[in-house]
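Note sheet for the following structure.
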């Protein structure tokens, strides 16, 4: 019996009652999705989650629908800033970073924290916006820009960080199916993928936020179901206590960084990611905390599935890793049962129907509700609920669980429809609008359409010194050295 | 019983034997299409044509597959011209225009004629490339550029024609469902659509081709099934003899132009169009021939469905209208039974199962075969077979029915994948690549994504003097006057 089947059967009979097999009801929703790949992924996901779908999706709450669309999309708004003025938050950075487990900061959401969450979310979003998805490209699976241009190309220089490192996953070890692969043989790096990046706050931002902040941003996958299949593998012990992590993750995330303590100014590590990237964020935070004792480590994840068991959670607690999970309550991914298991489980091979499944909640949760935003469509839309831009719209508008969407929210709502169809009709924005001109083709002087070569500086080169067996390298050490160097100057 | 059902039942039992109801076999093919609208259209078409599908699609011929893909996509080709040098064809223009019914020019295809066919095909293609499909745009259904910029924007100045008129269809009369409509209320012209344009050869081209050539290019629809539904309406007499045309067409195409004979140089009228546009081309040629006696009128249609009955065909013959139908044998649209009827049919309401259905072939046919091109994918692909760019690739490579694809064909094969997925994998070109940057959105100085207003000169204005009850006006008369004026200078 396949794992997913077992889990579904188990969940549907124990937690949810038993209504399953409603797959046909989903297919109609799938027709709105545009991209084939997204479509396929969403369908597989939706089919896998049928039992959840019909039981957990609540009808949209009407409490906040006090706006008319005309009010929302006044053209004057086109000329307003997209962010509020920056505040000096240096004195409160430890609380904002989770030192008190965000206890009193989440409901109502402290405006300084809101701004920080959006900042990290935009760092995670960058891993999608710059990723080369074209399976015909020889650079498929890479970042389209080199690290010196990334933030400039994506309009993220405003955040005051500088990218210092790109993270690649290599295929020298067993490779999960979710890596984007080029269809070509002579590709930039066979079976390699850009997985994210490391960035460090510049002097001005460091002064504002009270410490030198190292950010690690992990890329998720486009379609959750791509990696869902990978969760149906065996688990293996992570080697520390009773903590176990899912085997698929472990084979990707293995790093042997040694600690080099920073001197002088304070340092923090903030790991972020959406979807699978959020799960990777948790794992890398765990490892960083083990290897870099004394540096405050926190995780800001968006729509991440659950990872690990309760022993893993306890170890994270002991290590002082602070985790803030941003979760949209309609999003299915954070609820996915394939990622949830407890310590009584030795190997999935041994699963029987008598196991008691539990959800292991790690850290604090900021819970958002699609129906709170007047900018978001109602109706079942698994891709839209899971989209990171949907999350960011909801964070930007969130004041408290009981209050309406902030009327003074400034983030551009048009971004919601970048890669899905969640925006209400009124602003007249097409779905999935974030796309390249002619998919990158240009017409040359002879009138022929060609795929231009990349700028030499943008050609990725993950191989070389960094290509070790377990080769996913955050290179915290190097960042630390750079950091120390920059402090001494 | 719906007309389509009757026709399918009838055809499948009389012409094809009776194998129907294989709809599920098609759905797998549909997954490759990207655009939702295309997808829906293609599926409806495919479902409607199931009986044809399984009986008429032959396995790909292997006779011409003598190339390896490596030969085909040599990078040196990127620096070669896309056309052969132009020839002076003035002395042969009447034959090329069909005066001898193209008898000896089609197999093998005369190179001068090939070039002319491609030219008219590109005029027809322009109606797709410049069309605003965005249902959220206030200009949905219009041309994105004004007539003075159209050819420049699309790289068609090379053909030596000048656009003189845009053609609009108005909704003051009953409107078929295939018109693109904006979802908005305050649109540029409610329920109006850009249907094509009139262009006239410039002096240099006129000299080369031996006459002043007036081209009327009609836009087809994106998805054939959009208008397929419209063919399921009643017919009404066109008012001349026994000729009948389909009611949906008649309500669109009604023009009251009077003839003004040209003086001086010779003049020709060439009407072109793809798909529905090809059917409109035939109807407008008919009317032009009635109203402009003495001017040679010819039609070059691509993938057009059959229109009219045998009496209509005879009248076209009597009027001297010459028709060259370019047909890809795998394309389902030219075989669509809904457009085929004969004079024994008074009204579709009266159809019984005893009617003898006939195909009425009008004019000459240039028959192409997808399997003759080494650049085109094998496998069932109804959208790809019907795509005009597929047609143009095949025309460009056609020498004779028995010979292989021309090795010296120069047209850019990358164009094939503009709006479908027919190109072989080797050149590494994504499917459906012809798309705007961010679907036309731009980021303003405040970091907000906005839909820019159109240049004032590009805002369409089909209303005004031209908005009559039957308001689709080619304005042949005005062109004639312009023509005369230009002759006298």
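Residue numbers (this note's numbering), protein chains in the order written: chain L, 1 to 489; chain P, 1 to 489. Note that the Cβ used here is the ideal one computed from N, Cα and C, for glycine as well. Owing to the predicted nature of the structure, the values given are computational and were not obtained by experimental measurement.
Rank the options by C-alpha distance to the C-alpha of residue i and give the top, closest one.
i	options	result
residue 166 of chain P	P:150, P:158 and P:197	P:197
residue 282 of chain P	P:294, P:324 and P:439	P:324
residue 432 of chain L	P:408, P:134, P:326 and P:201	P:134
residue 202 of chain L	L:214, L:195, L:194 and L:193	L:214
residue 95 of chain L	L:118, L:394, L:298 and L:330	L:298
residue 269 of chain P	P:304, P:194 and P:216	P:216
residue 373 of chain L	L:316, L:329 and L:150	L:329
residue 296 of chain L	L:126, L:121, L:410 and L:319	L:319
residue 371 of chain L	L:75, L:331 and L:114	L:331
residue 446 of chain L	P:92, P:76 and P:81	P:81
residue 302 of chain P	P:279, P:90 and P:413	P:279
residue 77 of chain L	L:194, L:414 and L:388	L:414
residue 152 of chain P	P:89, P:130 and P:137	P:130
residue 108 of chain P	P:335, P:368 and P:334	P:368
residue 122 of chain P	P:448, P:391 and P:450	P:391
Please confirm whether residue i has its beta-carbon closer than 8 Å to some beta-carbon of chain P.
i	result
residue 81 of chain L	yes
residue 408 of chain L	no
residue 376 of chain L	no
residue 145 of chain L	no
residue 218 of chain L	no
residue 388 of chain L	no
residue 136 of chain L	yes
With respect to the alpha helix (DSSP H) encompassing residue i, which residues constitute its N-terminal and C-terminal limits?
i	result
residue 209 of chain L	203 to 209
residue 93 of chain P	93 to 96
residue 324 of chain P	Segment 322 to 328 is the beta strand (DSSP E) holding residue 324 of chain P; no alpha helix (DSSP H) there.
residue 150 of chain L	150 to 153
residue 311 of chain P	310 to 319
For residue i, decide whether its Cβ has a neighbour in chain L, counting only Cβ atoms nearer than 8 Å.
i	result
residue 305 of chain P	no
residue 61 of chain P	At residue 61 of chain P the pLDDT is 41, less than 50, meaning the model places this residue with poor confidence; the figure from the coordinates comes in the next sentence. Chain L, which has no Cβ nearer than 8 Å to the Cβ of residue 61 of chain P, makes this no.
residue 344 of chain P	Caution is warranted here: a pLDDT of 32 is assigned to residue 344 of chain P, below 50, making its placement in the model unreliable, and no coordinate value can be reported.
residue 428 of chain P	yes
residue 46 of chain P	Only weak support exists for where residue 46 of chain P lies, its pLDDT of 35 falling under 50; the value from the coordinates is given anyway. It does not: the Cβ of residue 46 of chain P has no partner Cβ on chain L nearer than 8 Å.
residue 155 of chain P	yes
residue 150 of chain P	no
residue 125 of chain P	no
residue 416 of chain P	no
residue 380 of chain P	no
residue 435 of chain P	yes
residue 112 of chain P	no
residue 447 of chain P	yes
In the DSSP assignment, find the unbroken beta strand (DSSP E) run with residue i in it and report its ends.
i	result
residue 284 of chain P	Segment 276 to 291 is the alpha helix (DSSP H) holding residue 284 of chain P; no beta strand (DSSP E) there.
residue 376 of chain P	Neither: residue 376 of chain P is in no beta strand (DSSP E) and is coded neither H nor E.
residue 117 of chain L	Residue 117 of chain L -> not in any beta strand (DSSP E); alpha helix (DSSP H) instead, spanning 111 to 129.
residue 366 of chain L	364 to 368
residue 213 of chain L	212 to 218
residue 395 of chain P	No beta strand (DSSP E) contains residue 395 of chain P, which is instead part of the alpha helix (DSSP H) from 388 to 397.
residue 429 of chain P	That residue, residue 429 of chain P, is in no beta strand (DSSP E); it is neither H nor E in DSSP.
residue 302 of chain P	297 to 302
From residue i to residue j, what does the alpha carbon distance come to, in whole angstroms?
i	j	result
residue 117 of chain P	residue 105 of chain P	12 Å
residue 326 of chain P	residue 316 of chain P	18 Å
residue 427 of chain P	residue 418 of chain P	13 Å
residue 139 of chain L	residue 72 of chain L	41 Å
residue 312 of chain L	residue 377 of chain L	37 Å
residue 86 of chain P	residue 407 of chain P	19 Å
residue 142 of chain L	residue 396 of chain L	30 Å
residue 252 of chain P	residue 286 of chain P	Residue placement at residue 252 of chain P cannot be trusted, given a pLDDT of 38 that sits under 50; what the coordinates show is reported in the next sentence. Whole-angstrom Cα-Cα distance: 14 Å.
residue 387 of chain P	residue 103 of chain P	26 Å
Can you pull the chain A residues whose beta carbon is under 7 Å from the beta carbon of residue i, in chain order?
i	result
residue 444 of chain L	Absent from the structure: chain A. Protein chains present are L and P.
Any heavy atom of the ligand HEM closer than 7 Å to the CB of residue i?
i	result
residue 108 of chain L	Here there are no bound small molecules, and the ligand HEM is not part of this structure.
**Prompt:** Would the stretch 447 to 457 of chain P and the stretch 86 to 103 of chain P be scored as touching if the rule is three or more Cβ pairs under 8 Å?
**Reply:** No, the stretch 447 to 457 of chain P is not in contact with the stretch 86 to 103 of chain P.
**Asked** How about the stretch 204 to 218 of chain P and the stretch 149 to 161 of chain P: do they share at least three Cβ pairs that are nearer than 8 Å?
**Response** Counting C-beta pairs closer than 8 Å gives three or more between the stretch 204 to 218 of chain P and the stretch 149 to 161 of chain P, which meets the contact rule.
**Prompt:** Between the stretch 284 to 298 of chain P and the stretch 378 to 389 of chain P, are three or more C-beta pairs nearer than 8 Å?
**Reply:** A contact is defined here as three or more CB-CB pairs under 8 Å, and the stretch 284 to 298 of chain P fails this definition with respect to the stretch 378 to 389 of chain P.
**Request:** Would you be able to state if there are at least three C-beta pairs under 8 Å between the stretch 434 to 453 of chain P and the stretch 398 to 407 of chain P?
**Result:** Taking one beta carbon from each stretch, the stretch 398 to 407 of chain P and the stretch 434 to 453 of chain P have fewer than 3 pairs nearer than 8 Å; the two do not touch.
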